[in-house]
Amino acid sequence: MNSICFPDGTRVPVLGQGTWNMAEKAARRAEEIAALREGVALGLTLIDTAEMYADGESERLVGEALRGLREQVFLVSKAYPQHASRDRLAPACEASLRRLGTDRLDLYLLHWRGRVPLSETVEAMENLVAAGKIRRWGVSNLDAADMRELRAAGGMACATNQILYNLTRRGPEYDLLPWLADEGIPVMAYSPVEQGRLLDNRVLREVAARLGATPAQVALAWVLRQPQVMAIPKAGRVEHVRENRRAADLPLTASDLAELDAGFPPPQEPTPLEML
Ligand code: NAP
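Quick note, the sequence shown lines up with residues 347 to 622 if you use the numbering used here.
Below, the structure is given as structure tokens:
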């Protein structure tokens, strides 16, 4: 599978696995764990979770799913904004590590911007790197102006910005994606199939039918069409994981992309970053 390169040279696969809404229903737990493990076996070794998801239960589920697999995986978790302070980030990180059953995160993200000054969050993140609790840090849901402020606040080591980006959410193409590309910061696209709402779209279905692919595969291949953008679809079903894996090998031609542009027009003006 293609990979993207973080600023420190570490490579991760372009396609990973999300975990929001996992661990919400006991009856689904076994299949969600099986889906994550199947994904790792298929090379989807980038796994994204957060202390927020299912109030910590998603991290516990990920920890269970990764038993015996931890060394193969690039593990990402996220801290609530109110925990991203000098005093609170380290205990929040410890709690995440405990729930995940691991001794370090490969990447730790500020989930969204809150009231804690960015300079303080940067300092708290760097302290966790120095302590060996996290390998690197990044942010999520920060728009272009926030990213510039982060840089000015000393956040030169920011490894990624995890943002809402899919065919129906193309706003970041106007200014945020070009800025991140110029700065060499890779993008992690979340909700890449718009939580499933995108998959009935007529244009998407037509392109998929012509390619002998599924709408989810085309939506994912579209996100992955550009360098330095990865996608983290959440799939709690093994068959969805297998289907999504094949998206990483689906080429889209210029005419496929033009058809998708006609159905999902790119932004013509600055658009505030949306979040789910
Ligand atoms: P998503 O990945 O766009 O969509 C997930 C939904 O799509 C699930 O209902 C899943 O069903 C379904 N699905 C997945 N693959 C499919 C396929 N091949 N065919 C049909 N349906 C399919 O939405 P998301 O979960 O919001 O986003 C992905 C991840 O990004 C999250 O899980 C989370 O890790 C992260 N995220 C981060 C933020 C943030 O603020 N940083 C916000 C939202 C999400 P099944 O589960 O039944 O397979």
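Built from N, CA and C at the ideal position, the CB exists for glycine as well.
- ARG413 versus VAL419: straight-line alpha-carbon distance, rounded: Rounded to whole angstroms, ARG413 to VAL419 spans 11 Å at the Cα level.
Sheet register partners of TRP483 (DSSP bridge):
Beta-bridge pairing by DSSP links TRP483 to TYR454.
Mind checking whether THR365 and THR391 have CB atoms under 8 Å apart? In this structure, THR391 does not lie closer than 8 Å to THR365 by Cβ.
* Would you tell me roughly how many angstroms separate the C-alpha atoms of MET502 and LEU456, rounded to the nearest one? => Computed Cα separation, rounded: 15 Å.
Candidates TRP458, ARG556, GLN572, PRO538: closest to SER601 by CA position: When only C-alpha atoms are compared, the closest one is ARG556.
**Q.** Top-ranked residue by Cα proximity to LEU446, from LEU421, PRO437, ALA425
**A.** Answer by Cα proximity: LEU421.
### Query
Taking just the CA atoms, how far does VAL564 sit from ALA593?
Straight-line spacing of the CA atoms in ALA593 and VAL564 works out to 7 Å.
Handout entry: TRP483 beta carbon near the ligand NAP (any heavy atom closer than 7 Å)
Key = If you check the C-beta of TRP483 against the ligand NAP, you find no heavy atom less than 7 Å away.
Taking 7 Å as the cut-off, is the beta-carbon of ASP546 closer than that to any non-hydrogen atom of the ligand NAP? ASP546 has its CB no nearer than 7 Å to any heavy atom of the ligand NAP.
Checklist entry - What residues in its chain sit with their C-beta under 7 Å from that of PRO359, if we drop five residues either side in the sequence? => result Closer than 7 Å at Cβ, skipping near neighbours: MET347, SER349, GLY389, LEU390, THR391, LEU392.
At a threshold of 7 Å, does LYS371 count as lining the ligand NAP (C-beta to nearest heavy atom)? No, the Cβ of LYS371 stays beyond 7 Å of every heavy atom of the ligand NAP.
Among the candidates ALA441, GLU377, CYS504, whose CA atom is the shortest distance from the CA of LEU464?
Of ALA441, GLU377, CYS504, the residue nearest in Cα terms is CYS504.
Which residue wins for smallest C-alpha separation from LEU606, given the options LEU596, TYR520, VAL553? It is VAL553.
Legend entry - Rounded separation between ALA380 and MET368 - CA only: Cα-Cα distance, rounded: 12 Å.
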